[in-house]
Structures are given as structure tokens and as C-alpha cells.
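**Student:** Here our numbering = 1-based position in the first sequence + 2.
Think of the CB as a built atom: it goes at the ideal place given N, C-alpha and C, for glycine as much as any other residue.
Pasting in a structure now, in C-alpha cells, and then I'll have a few things to ask.
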Amino acid sequence: MWKPMLPRLVNEAPSGNEWIYQVKYDGFRCGLQWTDQDITLWSRNGHDLSHSFPEIISWCQQHTSRFQAYLPLFLDGELIITITAYRTDFEQIQKRSRIKKNINQFSQNRPATFVAFDLLESKAQSLRKKSFSTRDQLLSTILEGLTGRIRKAPTFEKLDSILEVVDIHQAEGMVAKQKKATYTEGKRSNTWLKIKNFRTISGIVTNWNTENDYFTLRYYHNETLCILGKCKNGLEQGEKETLTTFFKRYGQKVNGTTWELDPSVCMDINCLSAEDQELREPVFHQFRFDINPTDCNQLTIDQGLAQFPSTVNLSRLEKELFPTVTKLNYLCYLRWIAPFMLPGLKDRRLTLIRFPDGVHEHSFYQKHLSDYAPSFIQTISNNDGEMDILCQDLQSLIWFGNHGGLEFHVPFNKINKADPEEIVFDLDPPSLDQFFIAVRAAHLIKEMMEHQGFTPLVKTSGRTGLQVHIPIENMTYDETRVLMEATAKVLVDSDPDHFTIERLKKNRGKRLYIDYVQHAPGKTIIAPYSTRATDEATVATPLYWNEVTETLDPRKFTIHTIPTRIKEKGCPFNSMI
DNA sequence: GGATGTT
DNA sequence: AACATCCAACGCTAG
DNA sequence: CTAGCG
Numbered sequence: 003m004w005k006p007m008l009p010r011l012v013n014e015a016p017s018g019n020e021w022i023y024q025v026k027y028d029g030f031r032c033g034l035q036w037t038d039q040d041i042t043l044w045s046r047n048g049h050d051l052s053h054s055f056p057e058i059i060s061w062c063q064q065h066t067s068r069f070q071a072y073l074p075l076f077l078d079g080e081l082i083i084t085i086t087a088y089r090t091d092f093e094q095i096q097k098r099s100r101i102k103k104n105i106n107q108f109s110q111n112r113p114a115t116f117v118a119f120d121l122l123e124s125k126a127q128s129l130r131k132k133s134f135s136t137r138d139q140l141l142s143t144i145l146e147g148l149t150g151r152i153r154k155a156p157t158f159e160k161l162d163s164i165l166e167v168v169d170i171h172q173a174e175g176m177v178a179k180q181k182k183a184t185y186t187e188g189k190r191s192n193t194w195l196k197i198k199n200f201r202t203i204s205g206i207v208t209n210w211n212t213e214n215d216y217f218t219l220r221y222y223h224n225e226t227l228c229i230l231g232k233c234k235n236g237l238e239q240g241e242k243e244t245l246t247t248f249f250k251r252y253g254q255k256v257n258g259t260t261w262e263l264d265p266s267v268c269m270d271i272n273c274l275s276a277e278d279q280e281l282r283e284p285v286f287h288q289f290r291f292d293i294n295p296t297d298c299n300q301l302t303i304d305q306g307l308a309q310f311p312s313t314v315n316l317s318r319l320e321k322e323l324f325p326t327v328t329k330l331n332y333l334c335y336l337r338w339i340a341p342f343m344l345p346g347l348k349d350r351r352l353t354l355i356r357f358p359d360g361v362h363e364h365s366f367y368q369k370h371l372s373d374y375a376p377s378f379i380q381t382i383s384n385n386d387g388e389m390d391i392l393c394q395d396l397q398s399l400i401w402f403g404n405h406g407g408l409e410f411h412v413p414f415n416k417i418n419k420a421d422p423e424e425i426v427f428d429l430d431p432p433s434l435d436q437f438f439i440a441v442r443a444a445h446l447i448k449e450m451m452e453h454q455g456f457t458p459l460v461k462t463s464g465r466t467g468l469q470v471h472i473p474i475e476n477m478t479y480d481e482t483r484v485l486m487e488a489t490a491k492v493l494v495d496s497d498p499d500h501f502t503i504e505r506l507k508k509n510r511g512k513r514l515y516i517d518y519v520q521h522a523p524g525k526t527i528i529a530p531y532s533t534r535a536t537d538e539a540t541v542a543t544p545l546y547w548n549e550v551t552e553t554l555d556p557r558k559f560t561i562h563t564i565p566t567r568i569k570e571k572g573c574p575f576n577s578m579i
């Protein structure tokens with residue numbers, strides 16, 4: 003029976019060119035055994051998981067010809083449900099493994115993926131004695147280019163680049179592997195080192211269970227004490243004695259096994275998550291005698307879990323930027339959405355609309371660098387010699403967010419390129435009552451564009467309209483203008499009661515204005531996943547075409563609903579990530 | 001939101 | 001110390 | 001022609 007090789011937990015990643023790195027995916031360790039007869043998924047304890055993940059098995063069967071030359075084959079990897087290429091949803095895979103009924107329905111709606119990170123057998127030959135580099139190279143040739151139910155875990159040569167990936171995707175952590183490491187089955191080895199991407203949060207110790215030595219941690223939500231979770235590991239002998247002595251001296255024994263303490267002792271906990279009164283992989287980090295129990299609250303916990311870049315000073319986190327949405331809530335949204343939003347901002351001059359005191363107060367545009375901006379904000383000079391701002395990374399995004407930047411607008415072309423990356427039809431009905439016209443226009447444009455070989459995408463504008471994005475190659479603005487004008491005219495001819503290219507507002511009536519003039523150099527459009535400055539905190543949301551119906555309500559896509567939406571359905575602009 | 005200038 | 005101002009830019013229109 | 005508007 004296969005037993006997985008295990009990495010040793012360390013606090014810091016080793017560097018040097020004898021090491022190579024992989025992202026640590028948060029799912030189930032799994033061995034995939036593929037013989038001429040059958041395909042089996044083995045858990046780390048030797049359980050057969052195949053029946054729980056039929057989508058993996060059937061995908062393999064459909065792609066047998068691709069693998070035939072390498073059979074029999076044994077892959078070591080992780081069974082995951084993806085949110086991004088590097089971010090996974092552990093809760094989902096855990097649920098899946100427990101499900102008995104309707105497995106096929108779940109496997110269709112939210113298919114699991116096997117991410118292979120090692121190769122133990124190929125053509126019936128054991129590769130365990132070979133170096134990791136050799137195995138990794140062979141694994142690459144076998145899995146090259148595959149993006150389906152089986153993928154290869156990419157390897158990173160540079161420590162800095164994997165740290166950046168782990169950080170932005172908030173991955174579980176990373177594994178450093180010695181290039182010359184052999185595969186030592188069932189052993190915890192120093193040639194594989196895991197580094198966890200811990201979140202650090204502060205909690206109040208209120209209970210001690212003498213039976214199992216678990217300490218209960220709590221936090222304040224408004225005035226009431228709520229349970230954060232339990233923690234047992236990480237305390238050194240002396241620290242544990244200090245704590246238990248304190249319990250015996252100042253606490254009360256509430257039953258045979260449990261001591262209770264009024265809120266006074268605070269500690270930092272390292273963990274992977276803190277949800278529903280449960281900490282995942284909690285480890286004691288340090289006592290916090292320098293803070294008050296009231297400092298352990300929803301605000302500081304949200305902040306700890308978000309893992310904001312340390313380079314950004316956050317301020318006035320309790321301020322309301324949208325009704326019922328504090329600046330911290332907004333920054334947490336930006337932090338979560340960053341891996342989906344940054345690709346749409348990368349290498350494009352940014353036009354930021356800032357609302358430092360919230361959507362109801364004074365606002366202004368900004369596209370040049372403030373002279374006090376930190377040096378990590380990247381810029382590019384424009385024709386007038388001014389420094390246009392860029393948003394290339396997480397710390398920039400969070401810095402702009404902290405400055406009340408609520409709307410991120412970008413041009414159609416990237417920096418150092420004159421030609422647009424896409425055509426965008428901005429379909430803005432005169433009011434929400436006429437939203438159905440935008441839906442109709444979007445589908446008509448989709449048909450026309452697909453007929454010409456394009457692959458149109460669609461998103462809400464975050465206000466009342468829809469925007470059809472058509473990725474293009476090698477077209478100038480002049481050429482896109484010709485195509486857009488022609489398309490607009492076909493639309494108007496086909497339904498002059500609903501569409502118009504009339505520029506004067508008073509002459510438009512309740513028709514939808516197809517504005518191809520706004521697709522030009524220097525013009526901008528709201529970036530995917532940017533919020534709009536509305537009372538509902540609406541988001542410019544990429545959609546699947548089958549969602550674009552007359553019953554679609556663009557107001558439902560807000561910073562409250564988007565993370566859940568993406569966890570369930572993924573991102574329709576996937577190609578951009 | 002923060003720097004700088006004005007009362 | 002309190003308060004004001006700046007933070008884009010381009011086409012269009014009324015006067 | 002320019003200030004103001006969107």
C-alpha cells in the first residue's frame with residue numbers, strides 16, 4: 003500500500019539553488035494509481051476515494067490515449083476544489099468526501115481536480131530512487147498543457163516568486179523540495195519542508211479543559227463574548243505552566259474538568275482560518291500582555307485573517323464607505339478579490355475615483371501620483387511628463403483602497419501599446435426599467451461577434467448596464483471604431499424603437515444609446531470586479547452568458563455576494579486569470 | 001486621505 | 001488651530 | 001471664445 007512521503011514543518015523557507023518550490027494546496031492528499039485495468043484514488047490512510055470523485059475517474063478514461071504510453075502509472079498529489087489556480091476551498095472538498103447521494107450532480111456543478119506534484123511510477127518502473135528534479139521533469143512531459151481534472155502542480159525556481167503567489171492567492175502554504183531528494187515513502191523527511199501561510203489573530207483565553215488540555219479562545223463582538231475556537235499546541239512547557247497556574251489562582255472550576263477565567267489573558271494564535279467557532283490548525287504564537295481583551299474583536303480578527311500587506315498603513319477602518327460597509331469590510335473585499343481583479347488592472351493606466359468619506363460625500367478623480375505616495379506604487383509617464391499611476395500588485399490595490407478609491411477605471415489598451423486589447427460595447431439603458439433592452443443588445447452583439455470568430459464576454463457595469471468585452475488581436479482603434487459603428491447600425495436598423503446612436507440625450511427617449519465614440523484612446527471603462535460608488539456597494543461583475551436574461555438583476559452583485567458567487571461558480575473571465 | 005496653503 | 005483646496009480630461013453646448 | 005457640463 004502507498005504511504006505518502008511527508009514534509010517537515012518549518013517556519014522559514016530555505017533558499018539556494020538546491021531547492022525547488024511548490025504551492026501547498028489545501029485539500030486531501032491523494033495517490034492516483036492508473037493501471038491497464040483500472041484507475042484508483044487512494045487516501046493517505048489507504049482508503050479508496052474513487053467512488054466519491056467519479057469526475058476524475060471518467061476524465062482519465064476519456065483521456066486514456068494521452069497516457070497510454072506511460073501506464074501503469076502512479077501519481078502523488080492533492081485532491082482539491084479550486085477557486086483560483088492556487089486558491090482552494092477546503093470546506094467544499096471535505097463536504098464532497100462525506101456525500102453519499104447525488105454525487106454525480108456535485109461532480110458536475112463543482113468538479114474536483116487532482117493536482118499532481120510527484121511521479122512514483124511510470125511504465126511500471128519505480129522512480130522513487132530518482133531525484134525529485136528527474137521525476138518532476140518526467141511528470142511535466144506527461145501532464146504538459148493539461149488543464150482538465152488532472153493538472154500538474156507548477157514548480158518554482160525562485161523563492162520570491164512563489165512567496166508572491168502564495169501571498170496573493172492566500173494559499174495554505176508552500177513546500178520546498180530538495181532537487182536531489184528521493185521519494186522516501188511514509189517518512190517525514192528533511193528534504194521536503196512545508197511552510198504554512200499562517201494568519202495571526204489575537205484571542206482571549208477563557209477556558210481550560212484539564213482532560214485534554216485544550217484552551218478555549220473568545221473575542222468580543224459588540225459587547226458580547228463569542229467563541230473563536232480551541233487551541234492546544236504550540237505552548238512551551240513553561241508557557242503552559244504559567245497559564246494553568248493563572249487559571250488555578252484566578253479562575254473558577256465550573257465542573258469536574260473545566261476551569262473558567264474572566265477576560266484578561268490575551269494571546270496570538272497562528273491558524274489557517276477562524277470560522278464558525280472553529281480554528282483550523284491553531285498553534286499558540288505568543289502571549290499578548292500589551293493589549294486589552296477588548297482589542298480581541300471582530301475588527302482585529304477580520305484584519306488578521308485578511309493578511310494585508312505589511313507595507314500599507316491602514317487608517318480609519320471603522321469609517322463607513324458605503325451604507326453598512328466599513329472601510330475594513332471594503333479592504334477585506336479588495337484583499338479577497340485581488341487575484342481576480344489585478345489581472346484586469348495590470349499594465350493599464352489607472353483612473354481612480356476616490357471617496358475618502360464614503361459614497362455620499364465629496365469625490366474626485368485621480369490619475370497622477372500623489373507626491374506622498376509610497377515608492378511601491380508604480381507609475382508611467384505620459385505625454386505631458388506627468389506620472390500616471392498603475393495598480394500592479396496587492397499592496398498598491400490595498401493602498402488605493404485605504405485612500406477611499408472605490409472605482410477603478412482602465413483604458414482599453416495596455417501601457418506601451420497603441421492598440422486596444424478588446425472592444426467593449428457599453429450598453430447603458432436610460433434606467434433599470436429598460437434593462438431588458440441591454441440584455442437584448444448584448445445577445446445580438448454576441449451573435450454577430452461569434453459569427454465573425456470572436457469570443458465575446460459579458461459583465462455588469464455595476465450600475466444599470468451591461469458591457470460586452472470582445473478580446474481582439476492586431477486591431478487599431480480606427481479599425482475597432484469601423485467594426486463597432488457598423489455593428490451599432492445593424493442593431494439600430496433591426497430595432498429602431500429600442501436602439502439609437504443619437505448623441506443628444508433629449509432625442510434618445512427610452513431607447514438604448516449605443517456609444518461607440520467612447521471606445522477610443524484615453525477613454526476608460528470600469529475594471530472587472532471594481533465596486534461602483536452606489537448605496538448597495540455594487541460590483542462590475544463578469545457573467546456567464548446563460549445568466550444574461552431579462553430577469554437578471556444587476557443590483558444583486560455586491561461586495562456582499564461576490565466572494566460566495568465566485569466560490570460557487572468560479573470567474574467567467576477565467577482566461578484573464 | 002493627506003499635503004499644502006490660507007485665515 | 002481651524003479651514004480651504006487640490007487630486008482627469010475631452011467633447012459638447014449655451015451664452 | 002470660453003466657462004460650464006457630463
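1. Go ahead and pull the three-state DSSP assignment for Gly29.
2. Please report the distance separating the alpha-carbon of Met269 from that of Leu165.
3. Which residue spans inside the segment 394–430 form an unbroken alpha helix (DSSP H) run of at least 4?
4. Give every residue of the same chain whose Cβ lies closer than 6 Å to the Cβ of Lys242, excluding the five residues on either side of it in the sequence, and list them in chain order.
5. I need the DSSP call for His287, collapsed to helix, strand or coil.
6. In this structure, how does DSSP classify Cys62 when only helix, strand and coil are distinguished?
7. Can you name, in chain order, every residue of its own chain whose Cβ lies under 6 Å from the Cβ of Ala178, other than the five neighbours on each side?
8. If we count Cβ pairs, one from each stretch, closer than 8 Å, do we get three or more for the segment 196–208 versus the segment 29–40?
9. From what residue to what residue does the alpha helix (DSSP H) around Gly306 run?
10. For the pair the segment 457–476 and the segment 490–505, tell me if three or more CB-CB distances fall below 8 Å.
11. One question on the structure: do Glu619 and Thr259 come within less than 8 Å of each other, judged by their Cβ atoms?
12. DSSP state of His562, grouped into three classes?
13. What did DSSP end up calling Met343 once you bin it into helix, strand or coil?
14. Using beta-carbon positions only, say whether Phe310 and Arg337 come within less than 8 Å of one another.
15. For Thr478 and Ile417, what's the separation of their Cα atoms in angstroms?
16. CA-CA distance, Asp278 and Leu230?
17. Whole angstroms is fine: what's the gap from Asp50's alpha carbon to Arg151's?
18. Leaving out five residues before and five after Thr42 in sequence, what residues of the same chain have Cβ atoms less than 7 Å from its Cβ?
19. Tell me the DSSP bridge mates of Ser275?
20. What residue does the alpha helix (DSSP H) around Tyr252 start on, and which one ends it?
21. Write down the C-beta distance between Glu423 and Pro473 rounded to the nearest angstrom, noting that I regard them as a contact closer than 8 Å.
22. Under 8 Å, do Gln469 and Ser463 count as touching if we go by C-beta distance?
23. Residues in the same chain with beta-carbon distance under 8 Å from Ala183, minus the five sequence neighbours each way, listed in chain order, please.
24. Let me make sure I understand the geometry here. Which of Thr149, Asp304 and Gln64 has the alpha-carbon closest to that of Ala2?
25. Shortest alpha-carbon distance to Pro284 belongs to which of Leu263, Cys233, Pro265 and Val267?
26. Out of curiosity, what's the CA-to-CA distance linking Arg465 and Ile355?
27. Would you grab the beta carbon distance between Arg112 and Ile82 for me? Rounded to a whole angstrom, and I think it's under 8 Å.
28. Looking at Ser398 and Ile379, is the spacing between their C-beta atoms short of 8 Å?
29. Please confirm whether Gly346 and Pro530 have their CB atoms less than 8 Å apart.
30. Return the bridge partner residues of Lys154 from the DSSP annotation.
31. Please state whether DSSP places Asp162 in a helix, a strand or coil.
32. If distances are taken between C-alpha atoms only, which option among Asn548, Phe76 and Trp261 comes closest to Leu121?
33. Taking Cβ positions, are Val327 and Ile95 nearer each other than 8 Å?
34. Leaving aside the five residues before and after Ile293 along the sequence, list all residues of the same chain whose C-beta is less than 6 Å from its C-beta, in chain order.
35. Is Trp547 helix, strand or coil when you go by DSSP?
**Tutor:** Judging by the given coordinates:
1. coil
2. 27 Å
3. 396–404
4. none
5. strand
6. helix
7. Ala15, Pro16, Trp21, Tyr23 and Leu195
8. no
9. Gln300 to Ala308
10. no
11. Beyond the ends of the chain as shown, which are 3 and 579, falls residue 619; an answer cannot be given.
12. coil
13. helix
14. yes
15. 15 Å
16. 8 Å
17. 18 Å
18. Gln35, Asp50 and Ser52
19. Arg282
20. Gln239 to Tyr252
21. 7 Å
22. yes
23. Ser133, Phe134, Ser191, Thr193 and Trp194
24. Residue 2 lies beyond the range of the chain shown here (3 to 579); nothing can be said about it.
25. Cys233
26. 15 Å
27. The pair is not a contact, with the Cβ atoms about 11 Å apart (cut-off 8 Å).
28. yes
29. yes
30. Ala118
31. helix
32. Phe76
33. no
34. Cys268
35. helix
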